[in-house]
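These notes concern the structure reproduced below.
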Amino acid sequence: MAAKKGSSKIETLTALPGVGAATAKKLIAAKLDTVSKIAGAGAKKLQDAGLSAAIATKVSAAAKAAQKATTTTKSTAKKAASASKKTATKAKTVAVKSTSKAKTVAKSTAKKAAAATKKTAAKAKSAVKATAAKAKTASSKTVPSKKSNDRKGSTLKVPRSVRDMPWFKPKK
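Numbering (this note's numbering), first residue to last: -5 to 166.
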């Protein structure tokens, strides 16, 4: 059962761009086993966990975007549920006060509440998609290097043939 619990954490973390199974294991070992913990950790703590600077920046940005999308979705769902409850309560109150006319009004109010709930849910879904697209765009950006000449071997000349190699000396 412990293996399933650990594997679900790995699956959750590998949903982030730039995080594979090995990176997820490093993050779990560093006690960064949820997206919200990674979003709050920042790039420095991710580097301390064993990630490279570029990957740490990418993962941090993606986790923050995912966290924002989740928060937005939850708050929108709460607002929709609250509006639905208020409308249902209003419909019940109207229904108690009058008979047939109130029933008609209650039904139409309930329909309006259902439509408003669907509309709010659709807005939340589109907000999540937009945030996910932003996160994907932010995570796909490359991190520029600090120096233009930080690559090894930038001064080496590549020989075109064996005769151009320094150890090759033709016999005279």
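Backbone N, C-alpha and C fix where the C-beta goes; we use that ideal spot for every residue, glycine too.
As the structure is a computational prediction, the values presented were derived from the model and not from experiment.
- In the three-state DSSP reduction, A82 falls in the helix class (H, G or I).
- CA-to-CA, the gap between L21 and K72 works out to about 31 Å.
- In this structure, the beta-carbon distance from L10 to A59 does not fall below 7 Å.
- Just so you know, the alpha carbons of A108 and A63 end up roughly 23 Å apart.
- In the three-state reduction of the DSSP assignment, D158 falls in the helix class, which pools H, G and I.
- The beta carbon of S54 sits closer than 8 Å to those of I32, A33, A35, G36, A37 and L40, all from its chain and outside the five residues before and after it, given in chain order.
- DSSP, read as helix, strand or coil, puts K123 in helix.
- Under the 10 Å beta carbon count, G12 is surrounded by 16 or more other beta carbons and is classified as buried.
- Taking the Cα positions, A15 is about 14 Å away from T28.
- A distance of 7 Å or more separates the beta carbons of S76 and T111.
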